[in-house]
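See structure below.
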Amino acid sequence: MKLCMIGAGHVGLVSAACFADLGNEVICVDSDEGKISILKKGTVPFFEPGLEELVRKNAESGRLSFTANLEEGVKKSEIVFIAVGTPSRENGEADLSFVEDVSCKIAEAMEDYKIIVEKSTVPVKTGEWVKKIITNNIHGVEFDVVSNPEFLREGSAIQDFMHPDRIVIGVETERAKKVMTELYKPLNVPLVITDIKSAEIIKHASNSFLALKISYINAIANICEKVGADVKEVSNGMELDGRIGKGFLRAGLGYGGSCFPKDVAAFTRIAEEAGYNFELLKVTEGINRKQKELFLKKVKKALWTLNNKVIGILGLSFKPNTDDMREAPSVEIINRLQAEGAKVRAYDPAATENARKVLKDIEYCADPYRVAEGSDCLLIITEWEEFKKLDLGKIKSLLKNPIIVDGRNVYEPEELKKMGFNYFAVGR
Ligand SMILES: NC(=O)c1ccc[n+]([C@@H]2O[C@H](COP(=O)([O-])OP(=O)(O)OC[C@H]3O[C@@H](n4cnc5c(N)ncnc54)[C@H](O)[C@@H]3O)[C@@H](O)[C@H]2O)c1
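In the working numbering, the protein residues as written are 17 to 444.
So this is what it looks like as structure tokens:
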């Protein structure tokens, strides 16, 4: 099929490359000409495992191309995906100005029947708005609007796109349903075909539920700390219950990234506007915010005062296997440490370049051992795989004080205690 993907970001670029790899002809459009020129050179503008290879392979085969010209992309395609950002406004609601802008431009470019697909995460009833805007801007050209939210995770985006648990398709007509079903047929996974509003809600409800699971286990971790239980044992015991399910029950610093914080905020606002006070999500957000406070308290408990202390940080990205710094817990933690006079040195396997744009006065180190050298303590902020394999004996000998405050429960408390560390974990 001939597809146009508008937005070459974490969702758009991955989706475009994967659809091309499945045999479709995909034109990927972005208004950021710098991004398009990077992509045309065969490189990708952010770190995602396997993405550069997949983009290059499909660009070389001619199935994947890039342009900043939206009109060209729309004219040549049967299905047009909207995968632009939907960031938070100050009051928590989703800013849909990119979606609106793109919808108007699609309408202006349309000459024959198109299926316009919302892939961005959008509030319920956005489909209605997109339809209205397109209707107001064209005359006599048929089209369908479809909601097809994306569930991929940064860090495992290609795997998630190619092997999803389900694909959600919100449609109004048989014509659009037939085409969308055909498009996803090669993936051979369950399709959830529904009305547009339900599809829109499925995405917000799913992300909010996952955020809620994270806050729930963090609340349990806080109780474990108070009574001397081990939250890792607790979550293992819970996860084996099929009704609860595996995943998202790892206690830590809470959720960050470009999706959960904004989607929880947006869904809370959507509910409010619909006349429902979604207290459960407000508490979810509150617990998440407080997790960072509790972590900082532990750092102070370990070091007493922070002024002029040298604090080593391992991990800056909001989670492992990405260089994404959006809403990364590291940002607030580092800002707070610096506000109290601490000197920060840090290492991240991928996010240093992006961290430089949002953090100031950090000494970036080439590896974790350089971070440890002469530091008053070591903080684990992101659970990159390489941190699990560190030579902790060496780390201990390099640190000024053998203190580790672990925000992600990477190590075993008993083992670290035996080695002579003063080790603080979450809920253990
Ligand atoms: N990042 C994720 O893991 C993830 C997962 C699922 C869903 N989503 C949702 O997908 C959407 C996109 O997220 P993302 O992380 O890919 O965002 P992103 O910021 O990485 O990418 C968005 C892209 O859209 C481009 N853009 C903005 N306005 C444009 C316009 N008028 N014309 C053409 N291009 C335009 C931007 O230049 C940017 O490259 C959001 O709604 C997000 O909530 C994200």
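Each residue gets a CB set at the ideal place from its N, CA and C atoms; glycine is no exception.
Given residue i as reference, the closest of the options once Cα atoms are compared
i: residue 35; options: 95, 48 and 52; result: 95
i: residue 126; options: 100, 114 and 153; result: 153
i: residue 220; options: 164, 84, 385 and 148; result: 164
i: residue 324; options: 45, 393 and 246; result: 393
i: residue 302; options: 160, 271, 116 and 141; result: 271
i: residue 18; options: 28, 32 and 25; result: 32
i: residue 97; options: 110, 137 and 72; result: 137
i: residue 253; options: 101, 124 and 233; result: 233
i: residue 141; options: 112, 375, 157 and 169; result: 112
i: residue 149; options: 175, 169, 170 and 115; result: 115
i: residue 327; options: 168, 380, 90 and 144; result: 380
i: residue 143; options: 175, 411 and 217; result: 217
i: residue 55; options: 269, 37, 74 and 38; result: 74
i: residue 273; options: 45, 50 and 348; result: 348
i: residue 245; options: 444, 37, 29 and 45; result: 444
i: residue 158; options: 361, 192 and 60; result: 192
i: residue 91; options: 103, 147, 340 and 129; result: 129
i: residue 338; options: 38, 196, 228 and 171; result: 171
i: residue 189; options: 166, 228, 132 and 174; result: 132
i: residue 173; options: 68, 139, 358 and 266; result: 68
i: residue 264; options: 227, 275, 178 and 290; result: 227
i: residue 210; options: 179, 162 and 289; result: 162
i: residue 382; options: 53, 45 and 363; result: 363
i: residue 160; options: 88, 166 and 146; result: 146
i: residue 313; options: 20, 77, 421 and 176; result: 421
The alpha helix (DSSP H) enclosing residue i, as first and last residue numbers
i: residue 176; result: 173 to 178
i: residue 370; result: 368 to 374
i: residue 140; result: Where residue 140 is concerned, there is no enclosing alpha helix (DSSP H), given that its DSSP letter is neither H nor E.
i: residue 438; result: It is not in any alpha helix (DSSP H) - residue 438 instead sits in the beta strand (DSSP E) that spans 438 to 440.
i: residue 251; result: 247 to 255
i: residue 117; result: 113 to 125
i: residue 347; result: 345 to 355
i: residue 301; result: 295 to 319
i: residue 284; result: 276 to 289
i: residue 427; result: Element bounds for residue 427: n/a, residue is neither H nor E.
i: residue 50; result: 49 to 56
i: residue 188; result: No alpha helix (DSSP H) contains residue 188, which DSSP labels as neither H nor E.
Residue i CB to nearest heavy atom of ligand 1 below 7 Å
i: residue 361; result: no
i: residue 22; result: yes
i: residue 274; result: yes
i: residue 48; result: yes
i: residue 99; result: yes
i: residue 179; result: no
i: residue 169; result: yes
i: residue 25; result: yes
i: residue 88; result: no
i: residue 136; result: yes
i: residue 487; result: Because the chain here runs from 17 to 444, residue 487 falls outside it and cannot be looked at.
i: residue 186; result: no
i: residue 118; result: yes
i: residue 166; result: yes
i: residue 83; result: no
i: residue 45; result: yes
i: residue 264; result: no
i: residue 102; result: yes
i: residue 66; result: no
i: residue 114; result: yes
i: residue 28; result: yes
N-terminal and C-terminal residue of the beta strand (DSSP E) that residue i is part of
i: residue 328; result: 326 to 330
i: residue 363; result: 359 to 363
i: residue 159; result: 159 to 163
i: residue 38; result: Per DSSP, residue 38 belongs to no beta strand (DSSP E) and is neither H nor E.
i: residue 422; result: 419 to 422
i: residue 18; result: 18 to 22
i: residue 81; result: 80 to 83
i: residue 130; result: 130 to 134
i: residue 393; result: 393 to 396
i: residue 380; result: 378 to 380
i: residue 96; result: 95 to 98
Between the region 319 to 335 and the region 243 to 259, do three or more beta carbon pairs fall short of 8 Å? Segments in contact, no.
The region 110 to 129 in contact with the region 143 to 157 per 3-pair CB rule at 8 Å: yes
Three CB pairs or more closer than 8 Å across the region 274 to 282 and the region 222 to 231: yes
Stretch-stretch touch, CB-based, cutoff 8 Å, three pairs: the region 196 to 206 with the region 171 to 183: yes
Would you call the region 236 to 245 in contact with the region 62 to 78, where contact means no fewer than 3 C-beta pairs closer than 8 Å? Fewer than three Cβ pairs drawn from the region 236 to 245 and the region 62 to 78 lie within less than 8 Å of each other, which leaves the two stretches out of contact.
Does the pairing of the region 380 to 393 with the region 408 to 427 give three or more beta-carbon distances under 8 Å? A contact exists between the region 380 to 393 and the region 408 to 427.
Using a Cβ distance threshold of 8 Å, determine whether the region 304 to 315 contacts the region 368 to 375, with at least three qualifying pairs required. Touching, no, given that fewer than three Cβ pairs across the two stretches are closer than 8 Å.
Could you tell me whether the region 345 to 357 touches the region 72 to 91, where touching means 3 or more Cβ pairs closer than 8 Å? no
Can you confirm whether the region 395 to 404 touches the region 426 to 443 when touching is taken to mean that 3 or more C-beta pairs between the two stretches lie within less than 8 Å? A contact exists between the region 426 to 443 and the region 395 to 404.
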